[in-house]
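Student: Chains as they are written, first to last, in this note's numbering: chain A, 2 to 184; chain B, 21 to 398.
1) Whole angstroms is fine: what's the gap from residue 33 of chain B's alpha carbon to residue 160 of chain A's?
2) Can you find a CB in chain A that lies within less than 9 Å of the CB of residue 23 of chain B?
3) Would a check of beta-carbon distances place residue 121 of chain A closer than 9 Å to chain B?
4) For residue 292 of chain B and residue 224 of chain B, what's the separation of their Cα atoms in angstroms?
5) Sort B:233, B:184, B:274 and B:242 by Cα distance to residue 249 of chain B and report the nearest one.
6) State the beta-bridge partners of residue 243 of chain B as determined by DSSP.
7) DSSP has residue 339 of chain B in a bridge; who is on the other side?
8) Does DSSP put residue 168 of chain B in a helix, a strand or coil?
9) Where do the N-terminal and C-terminal ends of the alpha helix (DSSP H) with residue 143 of chain A fall, by residue?
10) Is the Cβ of residue 299 of chain B closer than 9 Å to any Cβ of chain A?
11) Just curious, the beta strand (DSSP E) that residue 182 of chain B is in, first and last residue?
12) Can at least three beta-carbon pairs, one atom from the stretch 166-180 of chain B and one from the stretch 193-202 of chain B, be found at a separation below 8 Å?
13) Which chain A residues sit within Cβ distance under 9 Å of residue 87 of chain B?
14) Measure the C-alpha to C-alpha separation of residue 375 of chain B and residue 73 of chain B and round it to an integer number of angstroms.
15) Can we say the stretch 59-75 of chain A touches the stretch 117-125 of chain A, given the rule of at least three CB pairs closer than 8 Å?
16) Of the residues B:55, B:36 and B:160, which one's Cα is nearest the Cα of residue 404 of chain B?
17) For a contact defined as C-beta to C-beta under 8 Å, what are the partners of residue 71 of chain B on chain A?
18) So, at 7 Å on beta carbons, what are the nonlocal neighbours of residue 26 of chain B in its own chain, with the 5 sequence-adjacent residues on each side left out?
19) Kindly confirm or deny that the stretch 86-93 of chain B and the stretch 46-56 of chain A touch, where touching means at least three C-beta pairs closer than 8 Å.
20) Is the shortest distance between the beta-carbon of residue 472 of chain B and the beta-carbons of chain A less than 9 Å?
21) Residue 80 of chain A by DSSP, collapsed to three states: which one?
22) Kindly say whether residue 99 of chain B, judged by its beta-carbon, lies nearer than 9 Å to any beta-carbon of chain A.
23) Quick check on the burial criterion: 16 or more other C-beta atoms within 10 angstroms. Buried or exposed for residue 180 of chain B?
24) Counting only beta-carbon atoms, is residue 204 of chain B nearer than 9 Å to chain A?
25) Report the neighbours of residue 50 of chain A on chain B: residues whose CB is nearer than 8 Å to its CB, in chain order.
26) Using a Cβ cut-off of 9 Å (strictly closer), state whether residue 66 of chain A contacts chain B.
27) Assuming residue 77 of chain A contacts residue 66 of chain A (C-beta within less than 8 Å), just tell me the rounded distance between them.
28) Using 10 angstroms around the beta-carbon of residue 210 of chain B, count the other beta-carbons present and answer buried if the total reaches 16, otherwise exposed.
29) Name, please, each residue of chain B whose Cβ falls closer than 8 Å to the Cβ of residue 162 of chain A.
30) With a threshold of 8 Å on Cβ separation, who are the neighbours of residue 229 of chain B within its own chain once the five nearest residues in sequence on each side are excluded?
31) Report, in whole angstroms, the separation of the C-beta atoms of residue 339 of chain B and residue 359 of chain B, which I expect to be a contact under 8 Å.
32) Taking residue 194 of chain B as part of the beta strand (DSSP E), name the residues at either end of that continuous run.
33) With H, G and I counted as helix, E and B as strand and the rest as coil, what does DSSP make of residue 325 of chain B?
34) Run through the DSSP bridge pairs and tell me what residue 177 of chain B is partnered with.
Okay, structure coming up:
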């Protein structure tokens, strides 16, 4: 059965239902990858256009479909991310303006953690970023990440290790302590 | 096992992605190696930050995204032939192609609008800006987290496209939330800390409490009075001059009674001279606990002073405002708050090797005599 579920492939109601079921997951992945709501919305749109274009090739295995969907989202995000890195002058200023709010006492630590996460993720390339997003934004296990991204388990382990260490170094200032205090 | 090999496996140890034998070997190495333990803690903190940051990341897809996607699909070359053959699209096509139907429907809509306007223009236009701001603040997870529970809206003001929402939590704590009504998100939230009672006010609150039978019993069995605060029994929001202020009527005091891990809060009517109630406070789970004056705090302050930067601040006239030690995951750590005028610093101490690990300044919200609260201008 097609993941569109209702009617024949191309049935817009079936497609809408599919979109409703998976839009949150796709958007979250894109947000983790690019850290910008507008770009994440674009990626969401591009991902579902890809789904629609591939509707005749999709079979009914929901789990396999989900893995494929993650993969498409990650790949489209990496494209956006690479393009942005190439034209980074503007976005660097943008990143700086996203810095900390001055009220350490009053802004909630989750928001600080979010800013910290963007700073930390910024030191990773797309490949490393994707394993981090699948693990921490979606809670996937190592073997699930390997199957989703179609890479060996050993590669997942080494990328996660390298990425977490790089981010740990990046975060090793007093701000990290400030957040952990409030956890 | 050597540190280098252990270091490469610490992440997998944290994620329990090792065999039982390896897990055991790392564990025994960690119990004997402080530097690997430190590294483990650093990785664990990074993971916490990542999880917390992931939680705080926006995950709400804008409602019109679906319509944009539909538009994109129908604009794509080759998709024009795709027929979305449902009764809804057929109906839409019928309306679009048929001028008479459009006219009739248009007329019906205009009539409905006029009738609606006569009945209630507000219901037609959706919620008022105040109601919208209140709903956004009530739904915001960061407000719930600050209040440690479901907020109830106390007062709302809207100036241009910014809403100011005063919310009350289940434990009578208050927050002031700024809401961007265009983006429909919260932009800032402040916890309103109850002003401390001093001098005569404090003495009055204490004497009223001491006349209460339950309080007398608690105090006889080793309970101590901790802090006395002005309770915001009635707060009002005032946004004149675009400066949000929160006013308190100031007739109710709260005195915290503590023993071991337990806390009771006595609410006192300062004008009527009565104790309103005494109830158990379910203490929030915090990693830091304050330390009473005595040997342990002296020791922490001594370690802080041994750092040249802290010594310099104290020489400049900075006072030690509070001393805390870590609990749970933060075991073995301590912090000292220093204040000098409007400036505040937090000094973090590692108690295991008795060193100051970091010092940083903390900007404080502006308070005036504790009777009203005024957030810093942006």
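Glycine included, each C-beta is placed from N, C-alpha and C at the ideal position.
The structure presented is a predicted model; accordingly, all values stated were derived computationally and were not measured.
Tutor: The answer reads as follows:
1) Residue 160 of chain A has its alpha-carbon roughly 16 Å from the corresponding atom of residue 33 of chain B.
2) It does not: the Cβ of residue 23 of chain B has no partner Cβ on chain A nearer than 9 Å.
3) It does: the Cβ of residue 121 of chain A has a partner Cβ on chain B nearer than 9 Å.
4) Straight through space, the alpha carbons of residue 224 of chain B and residue 292 of chain B are spaced by roughly 11 Å.
5) The candidate whose alpha carbon is nearest that of residue 249 of chain B is B:274.
6) Bridge pairing for residue 243 of chain B: absent [DSSP].
7) Residue 339 of chain B is bridged to B:359.
8) If DSSP states are grouped into helix, strand and coil, residue 168 of chain B belongs with coil.
9) That run of the alpha helix (DSSP H) goes 143-150.
10) No, residue 299 of chain B lies away from the interface with chain A (no Cβ there is under 9 Å from its Cβ).
11) Taken as a continuous stretch (DSSP letters only), the beta strand (DSSP E) holding residue 182 of chain B covers 182-188.
12) The answer is yes - the stretch 193-202 of chain B touches the stretch 166-180 of chain B, with three or more Cβ pairs under 8 Å.
13) The CB of residue 87 of chain B never comes closer than 9 Å to any CB in chain A; the least such distance is about 11 Å.
14) When rounded, the distance between both Cα atoms is 29 Å.
15) By the Cβ criterion, the stretch 59-75 of chain A is not in contact with the stretch 117-125 of chain A, since fewer than three pairs of Cβ atoms, one from each stretch, lie closer than 8 Å.
16) Chain B is shown from 21 up to 398; residue 404 of chain B falls before or after that span and cannot be answered.
17) Ordered by position in chain A, the residues that pass the 8 Å Cβ test against residue 71 of chain B are 137.
18) If we look at residue 26 of chain B and ignore the five residues flanking it on each side, its Cβ neighbours are 46, 49 and 56.
19) With contact defined as three or more Cβ pairs closer than 8 Å, the stretch 86-93 of chain B and the stretch 46-56 of chain A are in contact.
20) The requested residue 472 of chain B does not occur in the structure, where chain B is confined to residues 21 to 398.
21) Three-state DSSP puts residue 80 of chain A in a helix.
22) Note that residue 99 of chain B scores 40 on pLDDT, short of 50, meaning its location in the model is unreliable; the coordinates nonetheless yield the value given after this. When Cβ-Cβ separations below 9 Å define contact, residue 99 of chain B makes contact with chain A.
23) Counting C-beta atoms within 10 angstroms of its own C-beta, residue 180 of chain B has fewer than 16 neighbours from the protein chains shown and is therefore classed as exposed.
24) Taking Cβ atoms only, chain A never reaches closer than 9 Å to residue 204 of chain B, which makes this a no.
25) Near residue 50 of chain A (Cβ distances below 8 Å), the residues of chain B are 89, 92, 93 and 96.
26) It does not: the Cβ of residue 66 of chain A has no partner Cβ on chain B nearer than 9 Å.
27) No, residue 77 of chain A and residue 66 of chain A are not in contact; Cβ-Cβ is about 16 Å, not under 8 Å.
28) Burial call: buried.
29) Residues of chain B passing the Cβ test: 28, 31 and 32.
30) Same-chain partners within the cutoff: 235, 245, 275, 286, 288 and 295.
31) About 6 Å separates the beta carbons of residue 339 of chain B and residue 359 of chain B, which is inside the 8 Å limit, making them a contact pair.
32) Annotation: the continuous beta strand (DSSP E) that includes residue 194 of chain B extends over 194-200.
33) Residue 325 of chain B: helix per DSSP, three-state reduction.
34) DSSP lists B:184 as partners of residue 177 of chain B.
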